[in-house]
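K.L.:
Numbering (this note's numbering), first residue to last: 132 to 352.
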């Protein structure tokens with residue numbers, strides 16, 4: 132069965148370390164956990180204590196974000212709190228402990244982290260229906276039935292389709308020309324627009340390469 136601790140290594144690489152960019156609406160961020168959006172996270176006390184010890188009470192200069200990240204990463208207590216933040220919301224909610232394919236679970240979880248668990252679940256259900264002949268509601272619910280359907284299809288084949296759908300999702304969001312337009316892509320764009328109700332925004336194009344990099348992990352098992 133899939134294991135969150137295996138995905139956690141991918142998550143850490145994708146979400147990066149400490150930053151506090153003025154143009155980021157989430158404000159101060161560690162491992163993708165934005166302080167303004169998640170002020171209740173119990174890891175902030177440890178982050179603040181480390182910052183105060185190394186830099187005092189002022190803002191940490193951008194030149195010190197990387198060394199601070201290394202220091203925070205070396206603290207196992209902070210790592211445990213990061214894991215405890217992500218696993219219930221982005222792994223357990225999607226029933227991924229019950230998936231037989233680690234690679235498929237990793238991609239679904241990562242899309243949940245990056246795009247929201249509801250969207251991730253609905254995209255999985257849509258793909259199972261249109262490409263694998265399932266008859267699931269595309270409401271992001273009925274997770275046990277969705278997991279059972281996932282376990283019943285060929286994992287490598289589903290993985291390839293889901294990666295392609297994720298890539299199309301990001302091209303759609305950024306109002307970018309996708310690399311291989313065709314009937315399948317048009318159907319996905321229709322799903323993103325009508326079922327998910329997502330607008331397109333060319334101002335997001337600067338995020339496209341970063342988003343697409345999350346889909347580059349090869350299938351293993």
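No residue lacks a Cβ here, since even glycine has one placed at the ideal position from N, Cα and C.
#1: Roughly how many angstroms separate the alpha carbons of residue 203 and residue 284, rounded to a whole number?
#2: Going straight from the alpha carbon of residue 211 to that of residue 314, what length do you get?
#3: Sort out for me which residues DSSP pairs residue 165 with in a bridge.
#4: Going by the beta-carbon positions, is the gap between residue 215 and residue 177 smaller than 7 Å?
#5: Give, in chain order, every unbroken run of the alpha helix (DSSP H) that is at least 4 residues long and sits entirely within the region 217 to 304.
#6: Any idea if residue 237 is buried or exposed, counting beta-carbon neighbours within 10 angstroms, 16 or more meaning buried?
#7: On a CA-only basis, which of 252, 200, 161, 323 is nearest residue 221? Give me that one, please.
#8: Express the C-alpha separation of residue 267 and residue 198 in angstroms, rounding to a whole number.
#9: Measuring CB to CB, does residue 335 end up less than 7 Å from residue 286?
#10: Over the uninterrupted alpha helix (DSSP H) stretch that includes residue 200, give me the two end residues.
#11: Short of 7 Å in beta carbon distance, which residues of its chain neighbour residue 327, apart from the five on each side in sequence? Order them along the chain.
#12: Bridge partners for residue 149 per DSSP, in chain order?
#13: Report, in whole angstroms, the separation of the C-beta atoms of residue 298 and residue 261, which I expect to be a contact under 8 Å.
#14: Can you tell me the Cβ-Cβ gap for residue 323 and residue 303, rounded? I've got them flagged as a contact below 8 Å.
#15: Locate the alpha helix (DSSP H) running through residue 314, then write down its first and last residues.
#16: Take residue 349 as the anchor and find which of 330, 294, 307, 333 has the nearest alpha-carbon.
#17: If you run the structure through DSSP and keep just helix, strand and coil, what is residue 183?
P.N.:
On the basis of the supplied data:
#1: Mapped onto the chain shown, residue 203 falls at position 72. Mapped onto the chain shown, residue 284 falls at position 153. Those two C-alpha atoms are separated by around 41 Å.
#2: Walking along the chain shown from the start, residue 211 turns up at place 80. Walking along the chain shown from the start, residue 314 turns up at place 183. About 45 Å.
#3: For the purposes of this step, residue 165 is identified with residue 34 of the chain shown, where counting begins at 1. BP columns for residue 165 point to 160.
#4: Residue numbering aside, residue 215 sits at position 84 when the chain shown is read from its first letter. Residue numbering aside, residue 177 sits at position 46 when the chain shown is read from its first letter. Cβ distance not < 7 Å, so residue 215 and residue 177 don't count as in contact.
#5: 233 to 246, 248 to 263, 274 to 283, 286 to 304
#6: Taking the chain shown and counting its residues from 1, one reaches residue 237 at position 106. Buried: at least 16 other Cβ atoms inside 10 Å.
#7: On the chain shown, position 90 is the one that residue 221 refers to. Of the candidates 252, 200, 161, 323, the one whose C-alpha sits nearest the C-alpha of residue 221 is 252.
#8: Taking the chain shown and counting its residues from 1, the one referred to as residue 198 is at position 67. Taking the chain shown and counting its residues from 1, the one referred to as residue 267 is at position 136. Those two C-alpha atoms are separated by around 47 Å.
#9: If you number the chain shown from 1, residue 335 lands on position 204. If you number the chain shown from 1, residue 286 lands on position 155. In this structure, residue 286 does not lie closer than 7 Å to residue 335 by Cβ.
#10: For the purposes of this step, residue 200 is taken as residue 69 along the chain shown, with counting starting at 1. 196 to 204 is the extent of the alpha helix (DSSP H) around residue 200.
#11: If you number the chain shown from 1, residue 327 lands on position 196. Around residue 327: 250, 253.
#12: Taking the chain shown and counting its residues from 1, one reaches residue 149 at position 18. Residue 149 is bridged to 161.
#13: For the purposes of this step, residue 298 is taken as residue 167 along the chain shown, with counting starting at 1. For the purposes of this step, residue 261 is taken as residue 130 along the chain shown, with counting starting at 1. Residue 298 to residue 261, Cβ: 16 Å. No contact.
#14: Numbered from 1 along the chain shown, position 192 holds the residue referred to as residue 323. Numbered from 1 along the chain shown, position 172 holds the residue referred to as residue 303. That pair is a contact at about 5 Å.
#15: The residue given as residue 314 occupies position 183 in the chain shown. Note, residue 314: alpha helix (DSSP H), 314 to 321.
#16: Indexing the chain shown from 1 puts residue 349 at position 218. Ranking the options by Cα distance to residue 349, first place goes to 294.
#17: Taking the first residue of the chain shown as position 1, residue 183 is located at position 52. Reduced to three states, the DSSP call for residue 183 is helix.
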